[in-house]
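Participant:
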Amino acid sequence: MRVWRALRSLGCATLRDGVYLLPDSPDHAATLQSVAEETLAVHGSAEIYRLAGCDAIQDAALRALFNRSNDYAEMAKEVQTFRTELTTLAGTTVNRRMQSLTRRFEQVTRVDFFADEAQQQMLAILEDLQRSINRHYSPDEPIAKDSPIPRLNPADYRGRIWATRKRPWIDRLASAWLIWRYIDSEATFIWLESPTDCQADWLSFDFDGAAFSHMGTKVTFETLLTSFKLEENVALCRLGALVHFLDVGGVPVSDAPGVEAILAGARAAYPDDDALFEAVSKVFDWIIGNYIESNQEKNHE
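Reminder that position 18 of the sequence shown reads as 0 in the numbering used here, one-by-one numbering, no gaps.
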């Protein structure tokens, strides 16, 4: 039973009883070898072979054994049911169920070796669900616009006052950090009671009508990356993916649960927004430092 569970978790397809398939790769070969050794150690039988289809039709048939469309279809049905119950559920229940759906999507995509449009469709469904949740439980969250993002020169945005909504969360905190570290090191931040309190000469971000906010599929952090020509910075783009996932959902990011827990703890510990920003800026410094280092290690491999 333990071996069967291991094979299932790897995403193996079943060719026939006792015959399991994985796409040929060094990692899969090493993993299957480990499973085979474990099986032999308890006096079972295990052999590993390479299999190739005789022609394109047979190759397609083998690939079809890994099709995850049914898994995505089941998730889509669950989302549909979830939507009908959304307005009746407590926020904590909604978050828990959304996290469960996200984990399932991550598990399926991890073994979706030949991804097709079904994966992208499911991702779009989850992103739309997250937007619906945000609109209901966080009505002040900005609604994305489909407008071109202007390309700007950071030199024209130095020593300015930047304003966003009070009690910032992931997108506002990360955006403020990005502004301070990469755009305007002399920035002053104002945490608004209401967006209507924003003065005309302040640079606003992350609310409807702000100078910088959600654009298309981008959250505010990603909009700033594009606006100030920072999107070629691999580490910042990786952080952008994390911010995007925690803010509006989408493609799961492995670092997200830990970062979310740290930021939630900081937000609870610091009722003053300036103190909160100072504290979490150190966290973002550490994260980006780690991303830069890991990217350098990859480049040297």
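Where is the CB? At the ideal position from N, CA and C, for every residue including glycine. Keep in mind it's a predicted model, so treat the numbers as computed, not measured.
Contact criterion: CB-CB distance below 8 Å. Does residue 44 meet it with respect to chain D?
Facilitator: Of the chains in the structure shown, none is chain D; there is only one protein chain.
Participant: Using the Cβ count rule (16 or more neighbours within 10 Å means buried), how would you classify residue -6?
Facilitator: It is buried - the Cβ of residue -6 has at least 16 other Cβ atoms within 10 Å.
Participant: Assuming residue 224 contacts residue 235 (C-beta within less than 8 Å), just tell me the rounded distance between them.
Facilitator: 5 Å
Participant: How big is the Cα-Cα spacing for residue 57 and residue 71?
Facilitator: Computed Cα separation, rounded: 19 Å.
Participant: Per DSSP, residue 54 is paired with what?
Facilitator: BP columns for residue 54 are empty, so no partner.
Participant: Between 0, 5, -2 and -1, which has its C-alpha nearest residue -8's C-alpha?
Facilitator: 5
Participant: How about residue 131 and residue 80: do their beta carbons lie closer than 8 Å?
Facilitator: no
Participant: Looking only at C-alpha atoms, which of 3, 25, 59 and 38 sits nearest to residue 32?
Facilitator: 3
Participant: According to DSSP, is residue 146 part of a helix, a strand, or is it coil?
Facilitator: In this structure, residue 146 counts as strand in the three-state DSSP scheme.
Participant: Can you tell me where the alpha helix (DSSP H) holding residue 203 begins and where it ends?
Facilitator: Per DSSP, residue 203 is one residue of the alpha helix (DSSP H) stretching across 202 to 209.
Participant: Hey, residue 157 and residue 187: beta-carbon distance below 8 Å or not?
Facilitator: yes
Participant: Give the C-beta separation of residue 232 and residue 60 to the nearest angstrom, bearing in mind that I take them to be a contact with Cβ-Cβ under 8 Å.
Facilitator: Not confirmed; about 17 Å, so no contact.
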